[in-house]
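In UniProt numbering, the protein residues as written are 1 to 87.
What follows is a short report on a single structure.
The structure is reproduced here in structure tokens:
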């Protein structure tokens, strides 16, 4: 069970959140011209802090919505699962 935060930035789509079972954050970045994600940590360790993954977004020129980090921190502090938010 995990929280899911979706947002679009230009041709990119980001999905990230807190995974309650794995006790860490995940991030998947897609591009409208590609069938497979251009970045994903789903098959890797999930970091306990999102700032590790947040460094990936600017590499693709993706800007993070206001309040996004606060929402992720809240998900972790409440061990949130099954919450879906679109930005």
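Glycine included, C-beta positions come from ideal geometry on N, C-alpha and C.
Practice problem: Pick helix, strand or coil for residue 25, following the three-state DSSP scheme. | Solution: Strand at residue 25.
| residue 38 and residue 14 closer than 7 Å at C-beta | Contact: no.
- For residue 4, does the count of other Cβ atoms within 10 angstroms reach 16, so buried, or fall short, so exposed? Burial call: buried.
- Can you list, in chain order, the residues of its chain whose CB lies under 6 Å from that of residue 84, leaving out five sequence neighbours each side? If we look at residue 84 and ignore the five residues flanking it on each side, its Cβ neighbours are 4.
Which residues share a DSSP beta bridge with residue 19? Answer by DSSP bridge pairing, in chain order: 2 and 24.
Next on the checklist: Can you find the residues in the same chain that come closer than 7 Å, C-beta to C-beta, to residue 81, ignoring five residues on each side of it along the sequence?
Outcome noted: Take residue 81, set aside five residues on each side of it, and the residues of its chain with a beta-carbon closer than 7 Å to its own are 1, 2, 3 and 20, in chain order.
In whole angstroms, what is the alpha-carbon distance linking residue 68 and residue 24?
In this structure, the alpha-carbon of residue 68 lies about 16 Å from that of residue 24.
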